[in-house]
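When we follow the working numbering, the leftmost residue of the sequence shown carries the number 2, and every step to the right adds one.
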Amino acid sequence: MFEPLKKRIQLEGLNLGNGILKVDPFINHQVDPVLMEACGQALAELFISTKPTKILTAEISGIAPALMTAKFLGIPVVYARKHKPITMSNNVYLTVAPSHTKGNLTELIVSPEYLSHGERVLIIDDFLASGATISGLVRLTQTAGATLVGIGTLIEKAFEEGRNMLSFLNVPIHSLVAIASMENGQILFSEA
């Protein structure tokens, strides 16, 4: 359990019901760079032995933890875009994943220029909940012919079983903070 992140969730996180945890004051809308740097360093230490060559994340909330993790690993970050810009060629890797907070399907798009065969990819995101977004990033990694070496997140909602859905990948999965339950308006942390 990464105590600085746990304490911020205890102080500023809001349980909005239906499994939605609002962490906008320090992760998802306003970003605390000191906290993100500490989280990035902690994630980098967990995954340095996997020897990643690239970090893959999803636009937009995954960018801050991915960037800080990449800083400590000395590797670049690629983020899957939700909308294809005109600067991106028509040849793209594309998948669709359901968005828990938006309640719809979201496209995840990566240019083959930045994710290619032979890369050792570490996926970093803000949340591991149902595993749907991370599964989309895994599909992009596989489509590119890259090797997935690990999955790291800031916060895991363990009660949503995403870790179990991803366990067949046989890669290390680490979260800095795990939440066991969000019933009755509470935020209860896993002790492990």
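All residues carry an ideal CB built from backbone N, CA and C; glycine is no exception.
| field | Which of helix, strand or coil DSSP assigns to residue 60 | value | Start at 1 with the first residue of the sequence shown, and residue 60 comes out as number 59. The answer is coil: DSSP assigns residue 60 none of H, G, I, E or B.
| said: By the three-class DSSP mapping on this structure, what secondary structure does residue 131 have? | reply: Translated into positions along the sequence shown, residue 131 becomes position 130. Correct three-state label for residue 131: coil.
| message | So the candidates are 147, 90, 128 and 172; which of them puts its Cα closest to the Cα of residue 63? | response | Locating residue 63 in the sequence shown gives position 62, counting from the first residue. Residue 63 has its Cα closest to that of 128, out of 147, 90, 128 and 172.
| message | Check whether the region 87–100 and the region 64–74 touch, using three or more Cβ-Cβ pairs below 8 Å as the test. | response | no
| message | So, for residue 168: in the same chain, excluding its five sequence neighbours on each side, which residues have a beta-carbon less than 8 Å away from its beta-carbon? | response | Sequence index remark: in the sequence shown, residue 168 carries index 167 (1-based). Excluding residues within five positions, the ones whose Cβ falls inside 8 Å are 174.
| query | To which residues of the same chain is residue 170 closer than 7 Å at the C-beta, ignoring the five residues directly before and after it? | reply | As a first step, residue 170 is located in the sequence shown; it is residue number 169 there, counting from the start. Result list for residue 170: 139 and 149, in chain order.
| message | On the CB-based measure, 16 or more other CB atoms within 10 Å of its CB, does residue 17 come out buried or exposed? | response | Locating residue 17 in the sequence shown gives position 16, where the first residue counts as 1. It is exposed - the Cβ of residue 17 has fewer than 16 other Cβ atoms within 10 Å.
| said: Here's the rule: buried if 16 or more other CB atoms are within 10 angstroms of the residue's CB, otherwise exposed. What is residue 146? | reply: Numbered from 1 along the sequence shown, position 145 holds the residue referred to as residue 146. Residue 146 is exposed by the Cβ-count criterion.
| task | Using the Cα positions of residue 49 and residue 30, report the straight-line distance between them to the nearest angstrom. | result | Residue numbering aside, residue 49 sits at position 48 when the sequence shown is read from its first letter. Residue numbering aside, residue 30 sits at position 29 when the sequence shown is read from its first letter. Roughly 28 Å between the two C-alpha positions.
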